[in-house]
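Reviewing the structure listed below.
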Amino acid sequence: MVAKTANPLLDVRNLRKHFPLKKGFLAGYQGSVRAVDGVSFAIGEGNSFGLVGESGSGKTTIARIILRLIEPTEGEILWDGKDICKFSQSEMKDLRKTMQMIFQDPHSSLNPRKTVFKCVAEPLAIHEEMRGRKLRERVEELLEIVGLKREHMFRFPHELSGGQKQRVGVARALSLHPKLLILDEPTSALDVSVQAQMLNFLEALQKNMNLTYLFISHNLAVIRYTCDAVAVMYLGKIIEMGETECIFSSPKHPYTKALVSAIPLPQAEQPNQMVLLEGDIPSATHIPPGCRFHTRCPDKIGAICEEEEPTTRYFSDGSQVDCHLYQESSKK
Amino acid sequence: MALVLKISDLRIEFDTFEGTSQVLDGIDLVLERGDTMGLVGETGCGKSITAKAILRLLPVPPARIVSGEILFQGEDLLKKSEEEMKGVRGKRIAMVFQDPMTFLNPVFTIEEQLVDVILAHRGGDDSEARGGGMSRKQAVEKAVQLLGEVKIPQPELRIKSYPHEFSGGMRQRVLIAMALSRSPEILIADEPTTALDVTIQAQILWLMNDLVQRYGHSVLLISHDLGVVAKVCKRIAVMYAGNIVEDCSTAQLFRRPLHPYTQGLLNSILTFSKREGEAQGIKGVIPDLIRPPSGCRFHPRCFGAMEVCRVQKPAMIEIEEGHRVSCHLYKKGEK
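Protein sequence lines, in the order shown, are assigned to chains A and B. Those letters in the first sequence? Residues 1 to 332, per my numbering, in order. Those letters in the second sequence? Residues 1001 to 1335, per my numbering, in order.
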């Protein structure tokens, strides 16, 4: 049960990030973009936790806050029980070794003027002050772990394929023995035939090195394939969370249902009953009152959805859902 | 059924600094009236090049059409003059592109852009005769009606908006409306939903299905996602490194994929029924088309590669009714 791990490695509590919105040069505060609006989840050591949602739902913002690349407006991030939002810069520098990020576009996250060797060696030189032969041996070792050959070491990023570049990104992230890897859409820039290889490789890597993954993706199939637990986000909030199997085999929230049925299946017989959502995702500057999904919800029950924000209902199988449809007996 | 489009032995090369890239290596494709055909393949396999070649949108040079013909209603598009092509593009063959933001002009309203397209097309081949036969007012009415048809809410109000006021899905609807404005015989859609979220993608695919069924356009849908293609198309052609390797009905492809590449592709797709470790992927990487592998271009990555694969390019053969494959593993008449 990931959602209620006794001693989670990472415990995010009631996280909020509101970006202030200014219009014009001298005009003042004009409201805010509520990118992340009260998110709590926990990841146990050695687990894979998935964050799914459409674009603009706040997935990447959460990743950035966890690394403290941006500061949260409110909330706590407990790492091994300590709140990292209160860490000083030098404490953060040490901490960043243990949490690393792999980005979506492997091409733009590698410096085109640096060889593979330099890319992977840089964190080692900065954090561990490695030099010379020791450095070279360590880089060779890392490249071997990610399945690259020695001949790739002095190539430039443009000489590598997309999958190979992504592996360089992984090697660089692994160089400082991290505990947590944040993977932000690691396969969406890759072709399908390479995607499966990449995910299998990440899976094996996790087992061998006892890594914890925070997996961010808009692709439900990718999350289902790799993660133990999953949180579905909509407009900055987690609307459903639980074990992957449980969420995808019997989704409860109308949004999750629609999301699952919206995926085009590669098969000859297409399912007839499909939940087709109307309209677009509302802007995060004007989040609808009440349940934020009510503007598109196919199962809206009435005025309550428009006025009252649903509270979280917890189920015996460890899953949780924020929806008025499941509120009747919500005495936790 | 009548043939609308017939591409035979189309070969296209690109001259680059590193050498000549053999981008299309003899493509045969047939599109019948009312047919919905999906063109599937990975990055760089030549899907978009094929679409652009049909509309003659490839920059020549560096592109070079080495051989082949593209017969549209019996006329070879490759032999047409640039002037004649203007009468084909957008009117008889229309295209919807991947990224709707780059296609729409940010400084004009949707109305201006849509009306321009309608008037230009209504005016016949001569662009001087703009608006001939249709007043601007009528064109605006037509534009509103088109927007309604692609399910944009309150079209008479939204038509005054600028592209940035529309979401990605709505912009793509505008593009579809534009493409359909002159009821083209063929609609080419190049990755129309790749830039969109899944729930929006489902809306657009539903819309395309609906329009195709109502108006009976012939559709060529290009996508890297077999799921998207399966949703819209009756037939699928699988491309690999500038070749069409398999061409069959959607049902046949999923029931009995013949080409090892198609099998590999189906194996690599993550679906909800696959569990950890079950998706395999295809070993190796997509070949460099400047130095393509000899013989069958797939042989370095193929699990069933034989001696003959290295030497000879396999011919396209029909294995069962409407199911054609280009692979040495199969012989004519063999089931």
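For every residue, glycine included, the Cβ atom is placed at its ideal position computed from N, Cα and C.
- In the same chain as A/A231, and ignoring 5 residues on each side of it, the C-beta atoms closer than 6 angstroms to its own belong to F41, L51, I238, M241, in chain order.
- It is roughly 14 angstroms from the alpha-carbon of B/N1267 to the alpha-carbon of A/L199.
- Contact annotation, B/R1173 with B/V1144: C-beta distance approximately 13 angstroms; criterion of less than 8 angstroms not satisfied.
- Using a 10 angstroms sphere on the CB of A/E129, the tally of other CB atoms stays under 16, which defines it as exposed.
- For B/K1283 and B/S1249, the gap between their C-alpha atoms comes out near 27 angstroms.
- Listed in chain order, the beta strand (DSSP E) elements of length 3 or more contained wholly in the stretch 1051-1078 of chain B are 1063-1072.
- In the DSSP assignment, the residues bridged to A/R313 are A/V321.
- In this structure, the alpha-carbon of A/Q206 lies about 21 angstroms from that of A/D105.
- Interface with chain A (8 angstroms Cβ-Cβ cutoff): B/I1007 is excluded.
- Per DSSP, A/Y225 has no beta-bridge partner at all.
- The stretch 119-194 of chain A contains, as complete beta strand (DSSP E) runs of 3+ residues, the segments 180-184 (chain order).
- In this structure, the CA atom of B/Q1203 is about 8 angstroms from the CA atom of A/E278.
- Of the other Cβ atoms in all chains shown, 16 or more fall within 10 Å of the Cβ of A/M233; this residue is therefore buried.
- Under the Cβ distance rule, B/H1164 does not count among the residues neighbouring chain A, no pair being separated by less than 8 angstroms.
- Membership of A/K257 in the alpha helix (DSSP H) is indicated by the continuous run 254-262.
- Within the stretch 1039-1054 of chain B, those residues whose Cβ lies closer than 7 angstroms to any Cβ of chain A are, in chain order, E1042, T1043.
- In the three-state DSSP reduction, A/T61 falls in the helix class (H, G or I).
- The residues L1003, V1004, L1005, K1006, M1037, I1186, S1218, L1220, in chain order, have a CB closer than 8 angstroms to that of B/L1031 in the same chain once the five nearest residues on each side in sequence are set aside.
- Interface with chain A (8 angstroms Cβ-Cβ cutoff): B/S1081 is excluded.
- Between A/L220 and A/V260, the CB-CB gap stays under 8 angstroms.
- For the alpha helix (DSSP H) assignment, the uninterrupted runs of no fewer than 4 residues enclosed by the stretch 1074-1106 of chain B are, from N- to C-terminal side, 1082-1086, 1100-1103.
- Contacts with chain A (Cβ-Cβ distance below 9 angstroms) from the stretch 1245-1274 of chain B involve S1249, T1250, A1251, Q1252, L1253, F1254, R1255, Y1261, G1264, L1265, L1266, N1267, S1268, I1269, L1270, T1271, F1272, K1274, listed in chain order.
- Counting the other CB atoms within 10 Å of its CB gives A/P271 a total below 16, which places it among the exposed residues.
- Residue nearest to A/K59 within the set A/G44, A/V39, A/L78 is A/V39 (criterion: CA-CA distance).
- The contact set of B/L1147 on chain A, defined by CB atoms closer than 7 angstroms, is empty, because the minimum CB distance reaches about 15 angstroms.
- A Cβ-Cβ distance of about 17 angstroms is found for the pair A/S90 and A/P123, leaving them out of contact under the 8 angstroms criterion.
- Nearest Cα to B/G1034 within the set B/P1292, B/M1306, B/K1234, B/P1155: B/K1234.
- Runs of the beta strand (DSSP E) lying entirely within the stretch 1247-1329 of chain B, each at least 3 residues long, are 1317-1320, 1323-1325 in chain order.
- Ranking B/G1216, B/L1055, B/R1064, B/L1119 by CA distance to the CA of B/D1076 puts B/L1055 first.
- Taking a C-beta distance under 8 angstroms as the contact criterion, B/L1265 and B/V1232 do not qualify as a contact pair.
- Contact between the stretch 1012-1027 of chain B and the stretch 309-320 of chain A is not established, with fewer than three Cβ pairs separated by less than 8 angstroms.
- Annotation for A/R296: no alpha helix (DSSP H) segment contains it, and DSSP assigns it neither H nor E.
- Residue range 1198-1215 is occupied by the alpha helix (DSSP H) that includes B/R1214.
- Among the residues of chain A, those whose CB is under 7 angstroms from the CB of B/L1226 are P266, following chain order.
- Here the C-alpha atom of B/G1068 lies approximately 53 angstroms from the C-alpha atom of A/N208.
- Taking 8 angstroms as the threshold, the shortest C-beta distance from A/V116 to chain B does not fall below it.
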